[in-house]
Structures are given as C-alpha cells and as structure tokens.
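K.L.:
Heads up: the protein sequence lines correspond to chains A and B, in order. Counting along the first sequence from 1, when you hit position 15 you're at 15 in our numbering, and nothing is skipped either side. Whatever position you read off the second sequence (first residue = 1), add 1000 for our numbering. The beta carbon of each residue, even a glycine, is placed where N, CA and C say it ideally should be.
Protein chains: 2
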Amino acid sequence: MQSFEVLAEQFSKFFSRRHFPAQPASLYDPNEYFLHQGGKRIRPVLCLMGNEMFDDIKVDAWHVGTSIELFHNFTLIHDDIMDKAPVRRGKETVHEKFGTNTAILAGDVMLVSAYEELNKIGLEFLRPILTLFNKTAKEVCEGQQMDMDFEKMESVSFEAYIKMIELKTSVALAASLQTGAILGGAGERNQHLLYEFGRKLGIAFQVQDDYLDAFGDPAKFGKQMGGDILANKKTFLLIHTLETAAAAKQIELKKLLQSNTADKIEKVQQLYKDCNADKWALQLKQQYLEEALKHLEDIAVLSKRKEPLRSLAHYLIRREY
Amino acid sequence: MQSFEVLAEQFSKFFSRRHFPAQPASLYDPNEYFLHQGGKRIRPVLCLMGNEMFDDIKVDAWHVGTSIELFHNFTLIHDDIMDKAPVRRGKETVHEKFGTNTAILAGDVMLVSAYEELNKIGLEFLRPILTLFNKTAKEVCEGQQMDMDFEKMESVSFEAYIKMIELKTSVALAASLQTGAILGGAGERNQHLLYEFGRKLGIAFQVQDDYLDAFGDPAKFGKQMGGDILANKKTFLLIHTLETAAAAKQIELKKLLQSNTADKIEKVQQLYKDCNADKWALQLKQQYLEEALKHLEDIAVLSKRKEPLRSLAHYLIRREY
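Printed below as a string of structure tokens:
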C-alpha cells in the first residue's frame, strides 16, 4: 500500500517521456510542450490507488493512468481556448503560444492518443474500461458546456451548479478510481462505492476551492484572492447567497456585482460573512467529505488498504479552514 | 453484392436517427443540426462494401460505419473552425451558427461518441479495429496540420503535397474499407490490398478535384470554377507547374499569384495549359486509378465480388475528363 505522494512521484517519472512522434513537429511539439509543464497527475495516481486497494498494481494501470492524464490535458488545452486563458501552470497556454487552430488540432490528437494508450490494456479489461472512459469523457464535455452556459445566465440554481461541478470535475476523479478498481478485480459494489467516494470528494474539493478564493490566505495558497469575486464567477458562495439571503442583502449583492470599485472584493466578502455563507460553505464541504469517507469505509476490504485514500482525502480537504 | 447506391441509401436511412442525448441541448443540438444536413456517407458505405466483398454484412459493420461517419463529421466541424468556413452543405457551419466554443466542444463530444459506437462491436474485432481507427484518426489530424502549414509556406514539394493528401483524405477511405474487410474475415494480405485500393483511389480523386476546380464545367459540377486559383491554394496543378515549368513561365505564374485582376483565373488556366499541366493531371489521375484497380484485382476473391467497388471507382473517377 503506497501513499499518494510515493505513487505520484513514480507516475510523474513514468509519464515524463515523449508521447508523440517527431513529425509533424508543428502538431506534436505543442503537445509535448504542454505535457512537460507538469501538473499534479492526481487522476492517474487515483487509478493506481484504486487498483492497489484490491490487488498489486497491474502494468495495465500505468497505461490507463497515462490515458487518463492525456485525456485531462486534452480538456485543459481546449478549455483554455474557450476561456481565452493566456497562462496555465505559469506558462503560456497552447493557443497563446502556437495559435488557436493548432491548439484545437493538438487537443484532438491528444484525445486520440488517450484512446491509443487505452488500447494497450488486456482484452479482458478493454470493454468495461472503454465504456467507463467514454461515459466519463462525454460527461466532462457536458460539464464544460454547462459551465459556459452558466456564464451567460442571470442566475443558476444550487442544484444546477452541483450538477455542473459533478460533470466537469468530480466524475473524472471518480472514474479514475473506478478504472483502478476494475483492474484490481473489485466487484461491482466495491467499484460503485469507490466511484461515489471520488464523486463526493470532488464536490468537497470544489466547495473548498470556491471558499479559498474568497477567504483563503493568499500567502499559503499562491493564488490571487478574490479572483472569482472580481469576475462575478458563479461559485457556491454566490449562488447560495443569492438563493437564501434576505431580500435586502440580495439587492446589495446584485449591486456589488455590477460595480467594479476597488473595494469590491472586501465588500462582497463582508456580505458573505453577514449572511453566514462562509460558515455554510465550510459545513457543506465537511458534509461532502464525510459522505465520501462513509463510502470509503463501506468498501469491503481491510481497513488498512483504505489508509492511503483516507489520508489523501484529509490532505486534499484541509481541516484547518 | 450490393452497389454503392443501394448501400448508401440504406446507410443514410439507418444513420438518420438522433445520435445524442437531449440535454444539455446547447451542446448536443448543434451536433444533431450538423449530422442532419446529410452528406454522401461515402466512408461508412466503404466499410459495408469492404465487409460484403468477403462475407455477408455483419451488424457490427453498421456500428463501425456509424463510428466512421461520426468521426468524419467531427473533423468537418473542427476543420470549418480552422478554415473560418461560413457555409457547409449549403447551411451555416456549426461555429458560425452556435459560436466557436460550442463548435470545439460539440466536435470533441462527437469524437467521443465515435468511440462509444465502436465499443458496441464484438470483442473479437474490438482490438484490431480500434487500432486501425486510432492510427487513422491521428493521420487525419496530421494531414490537417500539414495542410495548414502549407498555407503559410512559399513552396511545397510534390512529394509533401501527396503525403498531405494521403493523410488528410486517403487513409480514411482506405481504413474504412479495411475495417469492413476485417469484419468480413479477410486475411491480412487481402486487407492490405483493399487498403491500398482505397489509398490510391483517394489520391486519384483529389487530383480530379484539383483539375475540375481549374478546368471543370461549372454547370455540371455545381461548384464555382477557379476558386483554388483565386485563393492561391496549393493544388496538384500549381505545385507541378512551379516545379517543372520553364523559368519564364514560373516567373509569370508567381506574378499572377500576387495579382487579383479580373482575368486571373483565365490567365492561370492558360498558363497551366501552356505548360501541359492539364494533360499531366489527367495522366496522374489515370495512373493512380489504374494502380488502385490493380490492387483491387489482386485481392483473392471471385471477380464478381469486386464489381461494386470497381463500379464505384469508375463512377468517382470519371473518364470523360
């Protein structure tokens, strides 16, 4: 049983090879450029951990992990085009550096490569893993579309936002774990429980992300605080406050959204606090974390086999906030 | 043994169902819009024909055909973005009607759906067909990138142009035939010969396409004549003339490329004729057609089983020009 950190280091080494042919360089160099900027490689390591919970890690898990990571990077390249993001991981995005057309095509061929990697696994696993991979890939696209749709909408319901987060973020984490469980020989019930652990953990993580953007310590998280507030991004905090605050507070918040004064961040933070949205978010995060851990505990393997994922959950969802 | 026309009608009916879920409509309606504008469905019918050359058509061939057609439409949606094409099949392109971001994502999810459809076939065929599909998909992306690269280049060699056409157009036709052959139980040599038939036929078709743009009868082909000339598009005619014409003619052609006078089309046509590029193109087309047919004849099945593909080749590559 290896920890996330140990497996992440192993996977990063394994993954840091060239993934594409040399020619045409105008197509493949952008992909190599992007892949070699690093990343936390969370999803492939979840696959390895899902496998190791039930059995020794199979060679196939490295292929599936690679496939999942290629898929994830494909989504980042295309999402960055859609979001017009100039920078990712501290470096120019692919479309910024190589042009939008090449970024579209580089993403396309990276998605195909993800399927090439998947096709290397044992035939006995190909059908179930390809099925799960396809279902999840479609859901991730649906989540991205919902996210873009939400940007244009005046208001978004709490349920719709949760659904979007699930599709855009959670299902990929959940499916990564489940592919590992499949390779480890887990039964359907155990697979399902591990998937649900990942799904709930993903939502908890997003709640935390939204919370930290508004209330986190920028020195600790290396992220500009209040970015979501400045961009009027729909977050758990904004959606909850618009849905539940007293009428006067709602009007005040809507006015703040229309402004771009220097004290916008500070004022919105204060309003969130006045409405107890900060405390609500921490509770919501805790609730999803506990549900995730409950699913993990229900998995029918020895408790010590769950320790690495339990630790990871507590590490990702920090208790200190 | 059924003809292209009969199978095309059957496939078009089979394909004219809804392919995507209802929600999110903002993602899936654009795809349904695009798929229902028709198209000749050449590639899936080649799969059916490749199958029927060796055996009765399997249910799996309809799934593979659907997958191939979804893949083809994914490439069209993304290519139209890259080419900034406003119209396709007489209707607004997806990015023009629904926006570039949605067109990127709609194409992405269509590619995933192609793999979903492929995953419906019998497990005994999944590995070889997925392998061929992935290889071909990568090549098509490479061809599109080369095509974009060529636009920015001063000169392109004949060899490089042939390679680009092969990747962008021919291999998809060849692979469609081969997937059918695999499903029909063909041996490796027969599969290879059928692939080569498709590859050569694809090149012959492109030579004809380039020829018809310059010299075809617009009344017969419903296409604006000289579009390639006006756009300085690199074609077989342009590349060959720049490579082989006498120095004076080359200088004259390069001057014409820089001009946009009313008689540009007429003058370039005349120059091509002066250099015998028109006759050369017809010979080149004939050469590739004959090579294609030679491969077809070498396939080890009864001659009458080859009749539908022989007819199709002669129909696509018209002798009258």
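(1) Any beta carbon from chain B within less than 8 Å of A/T322's own beta carbon?
(2) Using a beta-carbon distance below 8 Å, is A/N134 in contact with chain B?
(3) Hey, A/D147 and B/L1111 are a contact pair by Cβ (cut 8 Å); roughly how many whole angstroms apart?
(4) Please determine, among B/K1058, B/E1005, B/E1159, the residue with the shortest C-alpha to C-alpha distance to B/K1234.
(5) Is A/M1 close to chain B? Criterion is C-beta to C-beta, closer than 8 Å.
(6) Mind checking B/Q1208: buried by the 16 CB within 10 Å criterion, or exposed?
(7) List, in order along the chain, the chain A residues whose C-beta lies closer than 9 Å to that of B/I1068?
(8) When the Cα of A/K254 is compared with those of A/G187, A/D80, A/A313, A/E154, which residue comes out closest?
(9) What's the gap between the Cα of B/D1080 and the Cα of B/R1043?
(10) Assign A/G90 to buried or exposed, taking buried as 16 or more other Cβ atoms, counted over all protein chains shown, within 10 Å of its Cβ.
(11) Ordered along the chain, which non-local residues of its own chain (more than five positions away) have a Cβ less than 6 Å from that of A/Y321?
(12) Are A/I182 and A/I129 close, meaning C-beta to C-beta below 8 Å?
(13) Could you name each continuous alpha helix (DSSP H) segment of 4 residues or more that falls completely within the region 175-226 of chain A, going from the start of the chain to the end?
(14) Quick one: grab the DSSP three-state call for A/V156.
(15) By Cβ distance below 6 Å, which residues in the same chain neighbour B/F1150 in space, the five residues on each side in sequence not counted?
(16) Between the C-alpha atoms of B/I1162 and B/F1197, what's the straight-line distance to the nearest angstrom?
(17) Can you list, in chain order, the residues of its chain whose CB lies under 8 Å from that of B/N1260, leaving out five sequence neighbours each side?
(18) If you run the structure through DSSP and keep just helix, strand and coil, what is B/K1349?
(19) Could you have a look at A/I57 and say whether DSSP puts it in helix, strand or coil?
(20) Assuming B/L1238 contacts B/Q1250 (C-beta within less than 8 Å), just tell me the rounded distance between them.
(21) Assuming B/S1012 contacts B/S1311 (C-beta within less than 8 Å), just tell me the rounded distance between them.
(22) Judging by CA-CA distance, which residue of A/L293, A/M1, A/L70 is the nearest neighbour of A/L35?
(23) Can you have a look at A/D263 and say buried or exposed, based on whether 16 or more other CB atoms are within 10 angstroms of its CB?
(24) For B/Y1315, which residues in the same chain have their Cβ closer than 8 Å to its Cβ, ignoring the five residues on either side in sequence?
(25) Does A/C275 come out as helix, strand or coil in the three-state DSSP assignment?
(26) Which residue wins for smallest C-alpha separation from A/F14, given the options A/P30, A/S67, A/V140, A/Y28?
(27) Using Cβ-Cβ distances below 9 Å, what residues of the region 103-120 of chain A are close to chain B?
(28) Short of 7 Å in beta carbon distance, which residues of its chain neighbour B/K1267, apart from the five on each side in sequence? Order them along the chain.
(29) Check the Cβ of B/S1170 against every Cβ in chain A and list those closer than 8 Å, keeping chain order.
(30) By the 10 Å Cβ neighbour count, where 16 or more other Cβ atoms means buried, how is A/Q258 classified, buried or exposed?
(31) With a cut-off of 8 Å, does the C-beta of A/M225 fall near any C-beta of chain B?
(32) Let me know if B/R1324 comes out buried or exposed under the rule of 16 or more other beta-carbons within 10 Å of its beta-carbon.
(33) How big is the Cα-Cα spacing for B/G1227 and B/D1210?
(34) Pop quiz: A/A281 and A/F236 are said to be a contact at Cβ under 8 Å. What is the actual Cβ separation, rounded to whole angstroms?
(35) Flag this pair as touching only if the region 44-53 of chain A and the region 134-145 of chain A have three or more C-beta atom pairs under 8 Å; answer yes or no.
(36) Helix, strand or coil: how does DSSP classify B/Y1321 here?
P.N.:
Well, looking at it:
(1) Beyond the ends of chain A as shown, which are 1 and 321, falls residue 322 of chain A; an answer cannot be given.
(2) Counting from 1 along the first sequence, the entry for residue 134 of chain A is found at position 134. It does; some Cβ of chain B falls within 8 Å.
(3) By 1-based counting over the first sequence, the position of residue 147 of chain A is 147. By 1-based counting over the second sequence, the position of residue 1111 of chain B is 111. The beta-carbon distance between A/D147 and B/L1111, rounded to whole angstroms, is 20 Å. This is too long to meet the 8 Å contact definition.
(4) Numbered from 1 along the second sequence, position 234 holds the residue referred to as residue 1234 of chain B. Nearest in C-alpha terms to B/K1234, of all of B/K1058, B/E1005, B/E1159, is B/E1159.
(5) The residue labelled residue 1 of chain A in the question sits at position 1 within the first sequence. Residue contact with chain B for A/M1: absent (no Cβ-Cβ distance below 8 Å to any residue of chain B).
(6) Within the second sequence, residue 1208 of chain B is the residue found at index 208, counting from 1. In the assembly as shown, B/Q1208 is a buried residue. Its beta-carbon has 16 or more other beta-carbons within 10 Å.
(7) For this step, residue 1068 of chain B is matched to residue 68 along the second sequence. When 9 Å is used as the limit between beta carbons, B/I1068 is near no residue of chain A, the shortest such separation being about 14 Å.
(8) Counting from one through the first sequence, the residue named residue 254 of chain A turns up at place 254. Measuring from the Cα of A/K254, the nearest candidate turns out to be A/E154.
(9) Within the second sequence, residue 1080 of chain B is the residue found at index 80, counting from 1. Within the second sequence, residue 1043 of chain B is the residue found at index 43, counting from 1. Cα to Cα, the separation comes out at about 19 Å.
(10) Taking the first sequence and counting its residues from 1, one reaches residue 90 of chain A at position 90. Result: exposed.
(11) Taking the first sequence and counting its residues from 1, one reaches residue 321 of chain A at position 321. The predicted model places A/Y321 with a pLDDT of 47, which falls under 50 and marks its position as unreliable, so this point remains unresolved.
(12) Against the first sequence, residue 182 of chain A aligns to sequence position 182. Against the first sequence, residue 129 of chain A aligns to sequence position 129. Closer than 8 Å, so yes.
(13) Residue ranges of uninterrupted alpha helix (DSSP H) with 4 or more members, entirely inside the region 175-226 of chain A and ordered along the chain, are 188-215, 218-221.
(14) As a position in the first sequence, residue 156 of chain A is number 156, starting the count at 1. Coil at A/V156, not helix or strand.
(15) Start at 1 with the first residue of the second sequence, and residue 1150 of chain B comes out as number 150. The beta carbon of B/F1150 is closer than 6 Å to those of V1156, K1234 in its chain, skipping five residues each way along the sequence.
(16) Position 162 of the second sequence holds residue 1162 of chain B. Position 197 of the second sequence holds residue 1197 of chain B. Whole-angstrom Cα-Cα distance: 16 Å.
(17) On the second sequence, position 260 is the one that residue 1260 of chain B refers to. Here the set comprises L1230.
(18) There is simply no residue 1349 of chain B to check, as chain B begins at 1001 and stops at 1321 in what is shown.
(19) Counted from its first residue, the first sequence places residue 57 of chain A at position 57. It is coil, neither helix nor strand.
(20) As a working mapping, residue 1238 of chain B is identified with position 238 in the second sequence. As a working mapping, residue 1250 of chain B is identified with position 250 in the second sequence. About 11 Å separates the two Cβ atoms, so there is no contact after all.
(21) On the second sequence, residue 1012 of chain B is found 12 positions in, with the first residue counted as 1. On the second sequence, residue 1311 of chain B is found 311 positions in, with the first residue counted as 1. For a cut-off of 8 Å, the C-beta gap from B/S1012 to B/S1311 is around 19 Å, too long to register as a contact.
(22) Here residue 35 of chain A refers to the residue found at position 35 when the first sequence is read from its first residue. When each option's Cα is compared against that of A/L35, the closest is A/L70.
(23) For the purposes of this step, residue 263 of chain A is identified with residue 263 of the first sequence, where counting begins at 1. Counting the other CB atoms within 10 Å of its CB gives A/D263 a total below 16, which places it among the exposed residues.
(24) Taking the second sequence and counting its residues from 1, the one referred to as residue 1315 of chain B is at position 315. Only F1004 meet the Cβ criterion.
(25) In the first sequence, counting from the first residue as 1, residue 275 of chain A sits at position 275. Taken through DSSP and simplified to helix, strand or coil, A/C275 comes out as coil.
(26) To locate residue 14 of chain A, count along the first sequence from 1; it is residue 14. Out of A/P30, A/S67, A/V140, A/Y28, A/S67 has the C-alpha closest to the C-alpha of A/F14.
(27) Residues I104, L105, A106, G107, D108, V109, L111, V112, S113, Y115, E116, L118, N119.
(28) In the second sequence, the residue the question calls residue 1267 of chain B occupies position 267. Excluding residues within five positions, the ones whose Cβ falls inside 7 Å are L1256.
(29) Residue 1170 of chain B sits at position 170 when you count from the first residue of the second sequence. Those do not exist, as B/S1170 stays about 17 Å from chain A at its closest Cβ, beyond 8 Å.
(30) Taking the first sequence and counting its residues from 1, the one referred to as residue 258 of chain A is at position 258. Exposure of A/Q258 is indicated by the presence of fewer than 16 other C-beta atoms within 10 angstroms of its C-beta.
(31) What you label residue 225 of chain A is simply residue 225 of the first sequence in a count that begins at 1. Chain B, which has no Cβ nearer than 8 Å to the Cβ of A/M225, makes this no.
(32) Chain B is shown only over 1001 to 1321; residue 1324 of chain B falls outside these bounds and no answer can be derived.
(33) In the second sequence, the residue the question calls residue 1227 of chain B occupies position 227. In the second sequence, the residue the question calls residue 1210 of chain B occupies position 210. Linking B/G1227 to B/D1210 through their CA atoms gives a straight-line distance of about 10 Å.
(34) Here the question's residue 281 of chain A lines up with position 281 in the first sequence. Here the question's residue 236 of chain A lines up with position 236 in the first sequence. Cβ-Cβ separation between A/A281 and A/F236: approximately 6 Å, consistent with a contact (criterion under 8 Å).
(35) No, they do not touch.
(36) As a working note, residue 1321 of chain B is residue 321 in the second sequence. Note that B/Y1321 scores 46 on pLDDT, short of 50, meaning its location in the model is unreliable; the coordinates nonetheless yield the value given after this. Note: B/Y1321 maps to coil in three-state DSSP.
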